[in-house]
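Visitor:
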Amino acid sequence: MTPSNSLHRALHTAGDPPLRPLPAPVTDLLGSLAAPPRLAAHLRAVHDVAVRLVDWLEQRCPGLEVDRDAVLFGAATHDIGKTVHVAELSGPGSAHEEAGRELLLAHGFGPALARFAGTHASWTAPDATVEDLLVSTADKVWKNKRVPELEDLLLVRLTQASGRERWEEYLALDELLGDIGDGADHRLAFQAAFPVSA
-14 MTPSNSLHRA LHTAGDPPLR PLPAPVTDLL GSLAAPPRLA AHLRAVHDVA
36 VRLVDWLEQR CPGLEVDRDA VLFGAATHDI GKTVHVAELS GPGSAHEEAG
86 RELLLAHGFG PALARFAGTH ASWTAPDATV EDLLVSTADK VWKNKRVPEL
136 EDLLLVRLTQ ASGRERWEEY LALDELLGDI GDGADHRLAF QAAFPVSA
C-alpha cells in the first residue's frame, strides 16, 4: 500500500529543528500499515530523543553495555499498536501495548525487539533492562515529562557501571534531560501538525 501524502511527510519532513529519520524497516512497516501520520510523527520524535540518550550514555558511561540498535528500534516502534487502536492516539488506553508486540512478531521481528511495544510503560518490572529504561525515558522526556521513579532506576544502572557517586550521575542525567526537555515544544508542534487519520 502506498503511504498517504500526510504519512509520507510525517516520515520524511525534516522538522524544525530537524528530527532524525526512523530506521528503514520501521519506515517501510509504517507505510505498509498505512499508519496514522500523527503516530509516525510521534515515533520520530521519541526515536530522535532516544538517539540523544544513547549517544550521551555511550559517551558518559562506556562501561555500561547497551544494545543501541534495540533501543532505537524500540523507540521507533513502541506505540506501533496504535495503528490497531487508533483511539489511543488522542485518548488514554493501553490496548496498543500487547497489540503492538503481536503486530511486530507477525511482521517477522523477533521477540527481543517486539517486546518494547509491550514494555515501554512497565519500567518497574523486575526484568526491565537498561534498554527498556531508555525507551521508557525517551517516551516521557520527548514532551518534557519527568518521572522520578523511572529516572532513579536509570541512575542505579549508571552508578553501578560508572563507579561514580549517585549525585554526580544525577546532576549529569538531570542536565541532559533538561536540555532534551527544552526542545519539547518543537517536537509537540511537529507531532500536532499531522492528522490522526490518513
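Counting from 1, position 176 in the sequence shown corresponds to residue 161 in our numbering; the numbering is continuous, with no gaps.
Just so it is clear, CB atoms sit at the ideal spot from N, CA and C, and this is done for glycine as well.
(1) Nearest to A9 by CA position, among P96, F58 and P180, is which residue?
(2) Thinking C-alpha only, which one of L42, F101 and Q145 is nearest A84?
(3) Tell me whether S79 is buried or exposed, calling it buried when 16 or more other Cβ atoms sit within 10 Å of its Cβ.
(4) Buried or exposed: which applies to A110, given that a residue is buried once 16 or more other Cβ atoms fall within 10 Å of its Cβ?
(5) So, are the CB atoms of L118 and L138 less than 8 Å apart?
(6) From P77 to L156, what does the alpha carbon distance come to, in whole angstroms?
(7) For N(-10), report the span of its alpha helix (DSSP H) as first-last.
(8) Tell me which same chain residues have a C-beta within less than 8 Å of the C-beta of T(-13), skipping the five on either side of it?
(9) What distance in whole Å lies between the Cβ atoms of A55 and L98, which are believed to be in contact at a cut-off of 8 Å?
(10) Rounded to a whole number of angstroms, what is the C-alpha to C-alpha distance between R(-6) and R5?
(11) Count the CB pairs spanning the region 18 to 25 and the region 33 to 53 that are closer than 8 Å, and state whether there are at least three.
(12) Looking at the unbroken alpha helix (DSSP H) that takes in K125, where does it start and where does it end?
Guide: On the basis of the supplied data:
(1) Taking the sequence shown and counting its residues from 1, the one referred to as residue 9 is at position 24. Ranked by Cα distance from A9, the first of P96, F58 and P180 is F58.
(2) Mapped onto the sequence shown, residue 84 falls at position 99. Selected option, being the one with the closest Cα: F101.
(3) Here residue 79 is taken as the residue at index 94 of the sequence shown, counted from 1. Looking at its Cβ environment, which holds fewer than 16 other Cβ atoms inside 10 Å, S79 is exposed.
(4) Taking the sequence shown and counting its residues from 1, the one referred to as residue 110 is at position 125. When all chains shown are included, A110 counts as exposed.
(5) Taking the sequence shown and counting its residues from 1, the one referred to as residue 118 is at position 133. Taking the sequence shown and counting its residues from 1, the one referred to as residue 138 is at position 153. Against a cut-off of 8 Å, the Cβ pair of L138 and L118 comes out as a contact.
(6) To locate residue 77, count along the sequence shown from 1; it is residue 92. To locate residue 156, count along the sequence shown from 1; it is residue 171. Answer to the nearest angstrom: the Cα atoms are 33 Å apart.
(7) By 1-based counting over the sequence shown, the position of residue -10 is 5. From DSSP, the alpha helix (DSSP H) with N(-10) extends over N(-10) to H(-3).
(8) For the purposes of this step, residue -13 is taken as the residue at position 2 of the sequence shown. Note that T(-13) has pLDDT 47, beneath the 50 cutoff, so the model's placement of it is unreliable and the number below is only indicative. For T(-13), where only same-chain residues beyond five positions count, the Cβ hits under 8 Å are G16.
(9) In the sequence shown, counting from the first residue as 1, residue 98 sits at position 113. In the sequence shown, counting from the first residue as 1, residue 55 sits at position 70. The Cβ separation is near 6 Å, so the contact holds.
(10) Locating residue -6 in the sequence shown gives position 9, counting from the first residue. Locating residue 5 in the sequence shown gives position 20, counting from the first residue. Their Cα atoms are separated by approximately 13 Å.
(11) As far as the Cβ criterion goes, the region 18 to 25 does not touch the region 33 to 53, which means the pair count is below three.
(12) In the sequence shown, counting from the first residue as 1, residue 125 sits at position 140. K125 -> alpha helix (DSSP H) spans V115 to V126.
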